[in-house]
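K.L.:
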Amino acid sequence: MEAPSAAVIASKAGTGPQAFRFFTSLVLQESTGLRASTLPVLVKLLREVPDSCIYYHTHYFLLQHHYLTPEPTNDFAYWVAEVLGEGALGELLASIDVMEHASLQSLREVVAGTIEQYLQQNPGARLKFVSAGEEFFFLKSVHVIMPTSYTASTLADFAQVLEHISVRALYFHIFDARLRIGQPTNDFARWFTEQLGLKRLGENVSCLDPYAHTLETLRGILLSLIREELR
Amino acid sequence: MSGLAAYEPIAGPSTVAELIQLAKRLADRRVVMVNSTRVGGGVAEILNRMVPLLTELGLDVRWEVVEGPGPFYRVTKAFHNALHGAPELISQEMYDLFLEVGRANAERLDLDQDIVFIHDPQPIVFVERRKRRPRARWLWRCHIDVSRPDQVAWSFLEPFILRYDAAVYSAPAFTQRMAMRQLLIAPSIDPLSDKNRELNTEEVDAVLQRLEVPRDRPIVTQVSRFDRLKDPVGVIDVFRRVRRSVKCRLVLAGGTATDDPEGEEVLAQVRDRAKGDPEIHLLLLPPNSDVEINALQRASTVVLQKSIREGFGLTVSEALWKARPVVASAVGGIPLQVQHRYSGLLVHSIEGAAHAVKQLLGNPAYAKRLGENGREHVRHNFLLTRHLTDYLLAFLSLDYTTDTIFLNGH
Numbered sequence: 000m001e002a003p004s005a006a007v008i009a010s011k012a013g014t015g016p017q018a019f020r021f022f023t024s025l026v027l028q029e030s031t032g033l034r035a036s037t038l039p040v041l042v043k044l045l046r047e048v049p050d051s052c053i054y055y056h057t058h059y060f061l062l063q064h065h066y067l068t069p070e071p072t073n074d075f076a077y078w079v080a081e082v083l084g085e086g087a088l089g090e091l092l093a094s095i096d097v098m099e100h101a102s103l104q105s106l107r108e109v110v111a112g113t114i115e116q117y118l119q120q121n122p123g124a125r126l127k128f129v130s131a132g133e134e135f136f137f138l139k140s141v142h143v144i145m146p147t148s149y150t151a152s153t154l155a156d157f158a159q160v161l162e163h164i165s166v167r168a169l170y171f172h173i174f175d176a177r178l179r180i181g182q183p184t185n186d187f188a189r190w191f192t193e194q195l196g197l198k199r200l201g202e203n204v205s206c207l208d209p210y211a212h213t214l215e216t217l218r219g220i221l222l223s224l225i226r227e228e229l230r
Numbered sequence: 000m001s002g003l004a005a006y007e008p009i010a011g012p013s014t015v016a017e018l019i020q021l022a023k024r025l026a027d028r029r030v031v032m033v034n035s036t037r038v039g040g041g042v043a044e045i046l047n048r049m050v051p052l053l054t055e056l057g058l059d060v061r062w063e064v065v066e067g068p069g070p071f072y073r074v075t076k077a078f079h080n081a082l083h084g085a086p087e088l089i090s091q092e093m094y095d096l097f098l099e100v101g102r103a104n105a106e107r108l109d110l111d112q113d114i115v116f117i118h119d120p121q122p123i124v125f126v127e128r129r130k131r132r133p134r135a136r137w138l139w140r141c142h143i144d145v146s147r148p149d150q151v152a153w154s155f156l157e158p159f160i161l162r163y164d165a166a167v168y169s170a171p172a173f174t175q176r177m178a179m180r181q182l183l184i185a186p187s188i189d190p191l192s193d194k195n196r197e198l199n200t201e202e203v204d205a206v207l208q209r210l211e212v213p214r215d216r217p218i219v220t221q222v223s224r225f226d227r228l229k230d231p232v233g234v235i236d237v238f239r240r241v242r243r244s245v246k247c248r249l250v251l252a253g254g255t256a257t258d259d260p261e262g263e264e265v266l267a268q269v270r271d272r273a274k275g276d277p278e279i280h281l282l283l284l285p286p287n288s289d290v291e292i293n294a295l296q297r298a299s300t301v302v303l304q305k306s307i308r309e310g311f312g313l314t315v316s317e318a319l320w321k322a323r324p325v326v327a328s329a330v331g332g333i334p335l336q337v338q339h340r341y342s343g344l345l346v347h348s349i350e351g352a353a354h355a356v357k358q359l360l361g362n363p364a365y366a367k368r369l370g371e372n373g374r375e376h377v378r379h380n381f382l383l384t385r386h387l388t389d390y391l392l393a394f395l396s397l398d399y400t401t402d403t404i405f406l407n408g409h
């Protein structure tokens, strides 16, 4: 089956806006068996592993710790700072703006490049290593995407459904749509603009930096924007 | 309310709804689960809850158990220790017995199913039979910490593992570089079981009274089988260090599993070390003491899990689910459950464990915050509903080779 490029379904009458179908994305974790105990090995493997590894280590933590404020950092930043003890590099990796990267390849480049540059400036960091069991383990995710039973035909319907969908569904329409499937915006913003003709709402939702919020906070912000529009 | 619906208030209605949607894609698939015991230990506990729920979800699931003579369990225990990295001498006779009993069981059981799900090494040789039905999917589920296995034992098992469609491990550190799919599925706790359900104060008090554990001072507890790898003797050493400066009691509670012949020996060592100390409460609990364990964990000021190695260490999630502050060794799957200084304290030594326990006993507000964070972490990552979802995803993923799987409406 083709990827749902936009989560819209045809309206029953065949006229008017198409309804929005909510999908969800369930994640199965898989190990590559690759592990790094030093920064040089980490950066070498970073350049070799499949895109799904880069995606996993820069995104899965958002789902895993979605209830925490502030959220922990991405996996690379966490390991470098908390396990290897290179706090300054960890800070640099944590502050990479994922929104600036439209592809996983570009994100891979910036993560690897940040580490390489740091190693040039701090050659002593090349020698640091962690003991067995504390290495960085390269994992990847298998995403199973399926439609939920929820649809919305109007903005009011949409707001009602948004309150109830899982964080995984929210994640799929905001994050998966933008980076993993290569869309420049997110599914919600597109639907508001293209189907409901709500350009301002679409722009406001498209401009949101989802990486700066927990998923529950994001849900709250989206609901506020929609309710404001409904008023 | 029973069955899946009962999990909605805890895990969330959307989580249960997604689980049901996913299961529709696997309706009527015939699954056989095989492990080594129906009673005692985490695997049996999980299967006891999981099999009925998978059935409710529409899969046709059977649960079979390997049967063997006493010496077979000596051999499998030796394998278990060796895979955990302990030095074990496994003789040719022992390997032969392992193969012989495994093959006899494979002959006895009906393995003609769509999905054959083998747990741990005891039934691993069953995979020799897969050639009779090539379209069936075979999964090997390893519940053991195999991060640093004895190489002789691993070399013996590896050819069998490679014949499965996928191996499933509890933590990334357990995976190896192997030419096969290695899935990661953490185990889980059941929030509705007697071991984890809510208890009121009267129920907790009654259990403590019956077990003769006074509540006159803080209680430090470790719940685990009397197994060398859980380091119960080390726990007593930790307690004695803590007690030098903080008045408290130690509860060491556990039992032994039917597939663990070493339990009695370890228990004797622990008894010897604790002898004559009225503040150490050594509780040898019979199987099905779930309410007692629940109450002991809830009555604890700090819960300790000072394991040397761990398959996963689910007692940590049990304690966190009760919002108890936890001090635990950074081994096996424990670092997945405890984020250091956020949802508990990770330690690497007796000295470190004693220091951490003292920190928590001396800072109740900090201890409370760790416990509350821990409960949320478990809610989102280590409940049975997440585990069921992962198993269904694993079954489904065996039909695909891509990293993204789109399922049609159903």
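Chains as they are written, first to last, in numbering that gives the first Met the number 0: chain W, 0 to 230; chain B, 0 to 409. Beta carbons: idealized from backbone N, C-alpha and C, even for Gly.
My output table needs one value for MET32(B): the three-state DSSP class, helix, strand or coil.
P.N.:
For this step, residue 32(B) is matched to residue 33 along the second sequence. Residue state, collapsed to three classes: strand.
K.L.:
Among residues of its own chain, excluding the 5 on either side of VAL50(B), which ones have a beta-carbon nearer than 7 Å to its beta-carbon?
P.N.:
Taking the second sequence and counting its residues from 1, the one referred to as residue 50(B) is at position 51. MET32, VAL60, TRP62, listed in sequence order.
K.L.:
Can you grab the Cα-Cα spacing for the pair ASN104(B) / LEU110(B), in whole Å?
P.N.:
What you label residue 104(B) is simply residue 105 of the second sequence in a count that begins at 1. What you label residue 110(B) is simply residue 111 of the second sequence in a count that begins at 1. One C-alpha to the other measures close to 10 Å.
K.L.:
Which residues, taken in chain order from the segment 167 to 191 of chain B, show a beta carbon closer than 8 Å to some beta carbon of chain W?
P.N.:
Listed in sequence order: TYR168, PRO171, ALA172, THR174, GLN175, ARG176, MET177, ARG180, GLN181, LEU182, LEU183, ILE184.
K.L.:
Helix, strand or coil: which one does DSSP assign to TYR399(B)?
P.N.:
Against the second sequence, residue 399(B) aligns to sequence position 400. Looking at TYR399(B) - three-state DSSP - the assignment turns out to be coil, as it is neither helix nor strand.
K.L.:
Just checking: is the beta-carbon of GLY201(W) within a distance shorter than 8 Å of some beta-carbon in chain B?
P.N.:
Residue numbering aside, residue 201(W) sits at position 202 when the first sequence is read from its first letter. Not an interface residue.
K.L.:
Look at the alpha carbon of ARG323(B) and the alpha carbon of VAL42(B), and state the distance between them as a whole number of angstroms.
P.N.:
On the second sequence, position 324 is the one that residue 323(B) refers to. On the second sequence, position 43 is the one that residue 42(B) refers to. Between ARG323(B) and VAL42(B), the C-alpha separation is close to 23 Å.
K.L.:
Going along chain W in order, which residues have a C-beta closer than 8 Å to the C-beta of GLY412(B)?
P.N.:
Residue coverage of chain B in this structure runs from 0 to 409, which leaves residue 412(B) outside it and unanswerable.
K.L.:
Between ILE144(W) and chain B, is the shortest Cβ-Cβ distance under 8 Å, so that the two count as touching?
P.N.:
What you label residue 144(W) is simply residue 145 of the first sequence in a count that begins at 1. It does: the Cβ of ILE144(W) has a partner Cβ on chain B nearer than 8 Å.
K.L.:
Would you call the segment 331 to 338 of chain B and the segment 388 to 403 of chain B in contact, with 3 or more CB pairs under 8 Å?
P.N.:
Because the criterion of three Cβ pairs below 8 Å is not met, the segment 331 to 338 of chain B and the segment 388 to 403 of chain B do not touch.
K.L.:
Would you call the segment 195 to 210 of chain B in contact with the segment 291 to 306 of chain B, where contact means no fewer than 3 C-beta pairs closer than 8 Å?
P.N.:
Taking 8 Å as the limit for Cβ pairs, the verdict is that the segment 291 to 306 of chain B does touch the segment 195 to 210 of chain B.
K.L.:
Can you give the Cα-Cα distance for VAL109(W) and PHE238(B), rounded to whole angstroms?
P.N.:
Here residue 109(W) refers to the residue found at position 110 of the first sequence. Here residue 238(B) refers to the residue found at position 239 of the second sequence. The straight-line gap from Cα to Cα measures roughly 48 Å.
K.L.:
Buried or exposed: MET177(B), going by 16 or more other Cβ atoms within 10 Å of its Cβ?
P.N.:
Working through the second sequence from its first residue, we reach residue 177(B) at position 178. Under this definition MET177(B) is an exposed residue.
K.L.:
Check whether the segment 337 to 347 of chain B touches the segment 216 to 223 of chain B, counting contact only when three or more Cβ pairs, one atom from each stretch, lie closer than 8 Å.
P.N.:
Touching, no.
K.L.:
Residues of chain W with a CB under 9 Å from the CB of GLU20(B): which are they?
P.N.:
Translated into positions along the second sequence, residue 20(B) becomes position 21. Per the sequence shown, the amino acid found at residue 20(B) is Gln instead of Glu. Correct list: THR23, MET145, PRO146, THR147, SER148.
K.L.:
Between the Cα of TRP139(B) and the Cα atoms of ALA5(B), SER154(B), PRO148(B), ILE160(B), which residue gives the shortest distance?
P.N.:
Here residue 139(B) is taken as the residue at index 140 of the second sequence, counted from 1. Out of ALA5(B), SER154(B), PRO148(B), ILE160(B), ILE160(B) has the C-alpha closest to the C-alpha of TRP139(B).
K.L.:
With a CB to CB cut of under 8 Å and the five nearest residues on each side skipped, what residues in its chain are close to ASP27(B)?
P.N.:
Looking up residue 27(B) in the second sequence gives position 28. So the list reads GLY57, LEU58, ASP59, once near-sequence residues are dropped.
K.L.:
Counting only beta-carbon separations shorter than 8 Å, does SER51(W) have a partner in chain B?
P.N.:
Within the first sequence, numbered from 1, the residue matching residue 51(W) stands at position 52. Output row for SER51(W): interface = yes.
K.L.:
Let me know if GLY112(W) comes out buried or exposed under the rule of 16 or more other beta-carbons within 10 Å of its beta-carbon.
P.N.:
The residue you call residue 112(W) lines up with position 113 of the first sequence. Looking at its Cβ environment, which holds fewer than 16 other Cβ atoms inside 10 Å, GLY112(W) is exposed.
K.L.:
Determine whether the beta carbon atoms of SER140(W) and LEU45(W) lie at a separation below 8 Å.
P.N.:
On the first sequence, position 141 is the one that residue 140(W) refers to. On the first sequence, position 46 is the one that residue 45(W) refers to. Not a contact, by the Cβ cut-off of 8 Å.
K.L.:
Does DSSP put GLU29(W) in a helix, a strand or coil?
P.N.:
The residue labelled residue 29(W) in the question sits at position 30 within the first sequence. In the structure shown, GLU29(W) sits in a strand (DSSP, three-state: E or B).
K.L.:
Taking 8 Å as the threshold (C-beta atoms), are LEU397(B) and LEU25(B) in contact?
P.N.:
Position 26 of the second sequence, counting from 1, holds the residue named residue 25(B). Position 398 of the second sequence, counting from 1, holds the residue named residue 397(B). No; because the gap between Cβ atoms is not below 8 Å, this pair is not in contact.
K.L.:
Mind the definition here: the segment 145 to 152 of chain W touches the segment 29 to 39 of chain W only if three or more C-beta pairs lie below 8 Å; say whether that holds.
P.N.:
Counting Cβ pairs under 8 Å, fewer than three are found: no touch.
K.L.:
Less than 8 Å between the beta carbons of LEU25(W) and VAL160(W), yes or no?
P.N.:
On the first sequence, position 26 is the one that residue 25(W) refers to. On the first sequence, position 161 is the one that residue 160(W) refers to. Result no, Cβ atoms of LEU25(W) and VAL160(W) do not sit closer than 8 Å.
K.L.:
With distance defined between alpha-carbon atoms, name the residue in ILE117(B), ASP164(B), GLN150(B), GLU106(B) nearest to PRO133(B).
P.N.:
Reading the second sequence from its first residue, position 134 is the one you call residue 133(B). Selected option, being the one with the closest Cα: ASP164(B).
K.L.:
With respect to the beta strand (DSSP E) encompassing ASP59(B), which residues constitute its N-terminal and C-terminal limits?
P.N.:
Translated into positions along the second sequence, residue 59(B) becomes position 60. Where ASP59(B) is concerned, the enclosing beta strand (DSSP E) stretches over 59 to 64.
K.L.:
If I measure Cβ to Cβ from ARG385(B) and keep anything under 7 Å in the same chain, skipping five residues before and after, which residues do I get?
P.N.:
Here residue 385(B) is taken as the residue at index 386 of the second sequence, counted from 1. Excluding residues within five positions, the ones whose Cβ falls inside 7 Å are SER187.
K.L.:
Using CA atoms only, rank isn't needed, just tell me which of PRO16(W), PHE21(W), GLN17(W) is closest to HIS172(W).
P.N.:
Counting from one through the first sequence, the residue named residue 172(W) turns up at place 173. When each option's Cα is compared against that of HIS172(W), the closest is PHE21(W).
K.L.:
Would you kindly check if the distance between the Cβ of ALA172(B) and the Cβ of GLY132(W) is under 8 Å?
P.N.:
As a working note, residue 132(W) is residue 133 in the first sequence. As a working note, residue 172(B) is residue 173 in the second sequence. Contact flag set, yes.
K.L.:
Please identify the residue among GLY253(B), ALA267(B), LEU319(B), GLY262(B) whose C-alpha is closest to the C-alpha of ASP289(B).
P.N.:
Taking the second sequence and counting its residues from 1, the one referred to as residue 289(B) is at position 290. Considering only alpha carbons, the answer is GLY253(B).
K.L.:
For the candidate residues PHE125(B), TYR399(B), LYS76(B), ALA318(B), whose alpha-carbon lies nearest to that of ALA298(B)?
P.N.:
On the second sequence, residue 298(B) is found 299 positions in, with the first residue counted as 1. Comparing Cα positions, the closest option is ALA318(B).
K.L.:
Out of curiosity, what's the CA-to-CA distance linking SER10(W) and ILE53(W)?
P.N.:
On the first sequence, position 11 is the one that residue 10(W) refers to. On the first sequence, position 54 is the one that residue 53(W) refers to. Per-residue confidence for SER10(W) stands at a pLDDT of 39, beneath the threshold of 50, marking its modelled position as unreliable; the derived number appears in the next sentence. About 38 Å.
K.L.:
Check whether the Cβ atoms of VAL126(B) and ARG73(B) sit closer than 8 Å, and answer yes or no.
P.N.:
As a first step, residue 126(B) is located in the second sequence; it is residue number 127 there, counting from the start. As a first step, residue 73(B) is located in the second sequence; it is residue number 74 there, counting from the start. Cβ atoms of VAL126(B) and ARG73(B): not closer than 8 Å.
K.L.:
Answer with buried or exposed for ASP230(B), where buried requires no fewer than 16 other C-beta atoms within 10 angstroms of its C-beta.
P.N.:
Looking up residue 230(B) in the second sequence gives position 231. Answer is buried; the Cβ neighbour count reaches 16.
K.L.:
Should ASP149(B) go down as buried or exposed, given a rule of 16 or more other Cβ atoms within 10 Å for buried?
P.N.:
As a position in the second sequence, residue 149(B) is number 150, starting the count at 1. By the 10 Å Cβ count, ASP149(B) comes out buried.
K.L.:
Listing by chain order, which chain B residues have their CB less than 8 Å from the CB of PHE136(W)?
P.N.:
If you number the first sequence from 1, residue 136(W) lands on position 137. Under the 8 Å cutoff, chain B gives PRO171, ALA172, THR174.
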